[in-house]
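One structure is given below, encoded as structure tokens.
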Amino acid sequence: KCIHLSLSFNFFLFSVSLLVTVEGVVGGSVFLPCSAREPQLITEDITVNWRYGDRLIVYAIIKGKVSVEGQDPKYKNRAESFPEEYLRGNFSLKLSDLQHTDAGKYQCYIIEESDIQTVELLIKVPLQVLIVGYVGDSVVLPCSSELNTEDITVHWRHNDSLKVYDIIKGKVSVEEQDSVYKNRTESFPQSYKTGNFSLKLNNLQYNDTGNYTCHITNELLIHTMEILVKDEKDHGTQSRTEKIVTLVAFAFCSHSVLYLCILTREAVCLLITVSVLAYSGFLCGGMSFQT
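What the sequence shown shows, in mature numbering (1 follows the signal peptide of the UniProt record, and there is no 0), is residues -27 to -1, 1 to 264, in sequence order.
As structure tokens, this is what we get:
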């Protein structure tokens, strides 16, 4: 006897679209784009799945309706789409209250078109660091990572365009460095293993003022900071008023107004003395002087 078996298989072949990169800031919101190639063919029964790293369920549109069934808890109340845009072929996703862990690759599966669109999300870390330096001096720009891999890649940029410094797979690279930074930058290779990718910028110039970013590609994180470069003649000096206030405080604490007058030789010190008198007791309690 012969037994005849009839087997059938359904294969789904997806086309993969080019990678799109989107940047966001911790605590902020971003739009992850996803649109149909042929929007005129979209029906009300469209099905679209958003995934993170090919596995975590971020969001789903099932037969034209939003579905959060099976959604990973980390995306609860943080992901939303725009139902009024579905028939126009727009299935973009808004992700709110961004966290460090949101960085990575997201996939948008448009089932009817057998299309996969990939979006890479980079997260900027607003350190709100202001570094003040003086012309001719040096400053250290902080940047660290929880990763301690030796083949890490880090890009330092000034105002998002000038190439300041690169660490490629754990090795210093200045091949594409902007000429204004030549022989003025250095990192600390011995500290790479501990996740320290800080940058030392020497011989500061006025045009070094601005925003700097440290992009750690392995973590998809971008650290931001600002440098303010001041005139070297202001370095280590006090304003005339600051000096007088300090001397007035000294005089009250040492009970020597005469000594104050000898030191300042300023008539205006009398006016400032009146102002300082009100809180001289506070100053005396917290100040110490050396002669």
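All residues carry an ideal CB built from backbone N, CA and C; glycine is no exception.
Here the structure is a predicted model, which means the values were calculated and not measured.
Check whether residue i and residue j have beta carbons under 8 Å apart
i: residue 189; j: residue 118; result: yes
i: residue 173; j: residue 107; result: no
i: residue 59; j: residue 23; result: no
i: residue 69; j: residue 2; result: yes
i: residue 112; j: residue 6; result: no
i: residue 182; j: residue 97; result: no
i: residue 165; j: residue 143; result: yes
i: residue 95; j: residue 29; result: no
i: residue 71; j: residue 52; result: no
Buried or exposed (CB count within 10 angstroms, at least 16 for buried), residue i
i: residue 160; result: buried
i: residue 150; result: buried
i: residue -9; result: exposed
i: residue 205; result: exposed
i: residue 186; result: buried
i: residue 73; result: exposed
i: residue 153; result: exposed
Beta-carbon contacts of residue i that lie in its chain and below 7 Å, excluding the five residues immediately before and after
i: residue 26; result: 77, 78
i: residue 169; result: 117, 161
i: residue 191; result: 120, 122, 125, 126
i: residue 131; result: 137, 183, 185
Neighbourhood of residue i by C-beta distance below 6 Å, restricted to the same chain and skipping five residues each side
i: residue 105; result: 201
i: residue 62; result: 8, 9, 12, 15
i: residue 138; result: 129, 158, 172
Cβ-based neighbour list, residue i, same chain, cut-off 8 Å, excluding 5 preceding and 5 following
i: residue -6; result: 3, 4, 5, 6, 92, 93, 94, 95
Point to revise | Sequence ranges, beta strand (DSSP E) only - wholly within the stretch 157 to 194, length at least 3 | key: 172 to 174, 183 to 189
Review point. Contact between the stretch 85 to 94 and the stretch 9 to 23: three or more CB pairs below 8 Å?
Key: yes
Point to revise | Runs of beta strand (DSSP E) lying entirely within the stretch 81 to 110, each at least 3 residues, in chain order | key: 88 to 107
**Study point:** beta strand (DSSP E) runs wholly inside the stretch 41 to 74, at least 3 long, in chain order
**Key:** 66 to 68
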